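In this note's numbering, the protein residues as written are 27 to 132. To keep things clear, I will list the structure first and then write my remarks on it.
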Amino acid sequence: MKVIENEDDFDGEITKWNEILIHGDSEGLKSLAKQLVYLAELDQEDVDDKYLPIGSREHLHLRPSLELSKSSIETIIGRLDSKGKKEFPSNYIPKDDFKKKKTTPN
Numbered sequence: 027m028k029v030i031e032n033e034d035d036f037d038g039e040i041t042k043w044n045e046i047l048i049h050g051d052s053e054g055l056k057s058l059a060k061q062l063v064y065l066a067e068l069d070q071e072d073v074d075d076k077y078l079p080i081g082s083r084e085h086l087h088l089r090p091s092l093e094l095s096k097s098s099i100e101t102i103i104g105r106l107d108s109k110g111k112k113e114f115p116s117n118y119i120p121k122d123d124f125k126k127k128k129t130t131p132n
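Laid out in structure tokens, this is it:
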């Protein structure tokens with residue numbers, strides 16, 4: 027996993043953005059998928075408060091040279107919803123809803 031900084035000049039206006047690259051061989055991508063499924067299916071309410079206190083979120087650290095390649099950066103994958111409170115982090119901004127509105131034919 028790597029962060030790439032991009033920059034583009036369009037009609038004199040410079041736009042900058044970052045992209046996160048997630049690449050792997052078949053085994054590595056399957057391993058990441060298993061970790062994501064684990065997080066998605068985990069019932070946080072069943073985890074002992076000693077290991078996951080109320081208000082906390084289950085997460086996994088992926089570290090360079092251990093779970094990731096040496097050229098990667100440390101990455102944390104985790105749940106948005108907190109145990110017990112089911113709240114998202116205060117800095118979370120949801121994506122825009124681009125669902126098409128149903129129109130009735132004339």
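Even glycine gets a Cβ: it sits at the ideal position worked out from N, Cα and C. As the structure is a prediction and not an experimental result, all values here were calculated from the model.
C-beta atoms of residue i and residue j nearer than 8 Å
i	j	result
Leu47	Lys28	yes
Val73	Lys121	no
Pro90	Glu100	yes
Leu62	Gly50	no
Own chain, CB closer than 7 Å to residue i, minus 5 neighbours either side, in chain order
i	result
Tyr118	Leu106
Residue closest to residue i, alpha-carbon to alpha-carbon, out of the options
i	options	result
Glu45	Leu78, Glu84 and Glu33	Glu33
Asp69	Lys60, Lys112 and Lys96	Lys112
Glu67	Lys56, Glu53, Gly104 and Ser82	Gly104
Ser98	Lys42, Asp37 and Gly54	Gly54
Where residue i falls, given that 16 or more other Cβ within 10 Å makes a residue buried
i	result
Leu92	exposed
Ser95	exposed
Neighbourhood of residue i by C-beta distance below 6 Å, restricted to the same chain and skipping five residues each side
i	result
Ile102	His85 and His87
Ile80	Lys109 and Gly110
Glu31	Asn44
Ser82	Lys109
C-beta neighbour in chain B for residue i, strict 8 Å
i	result
Ser116	Among the chains of the structure shown, chain B does not appear; only one protein chain is present.
Same chain, Cβ closer than 8 Å to residue i, five either side skipped, listed in chain order
i	result
Lys56	none
Leu78	Gln70, Glu84 and Lys109
Ile40	Glu33 and Asp34
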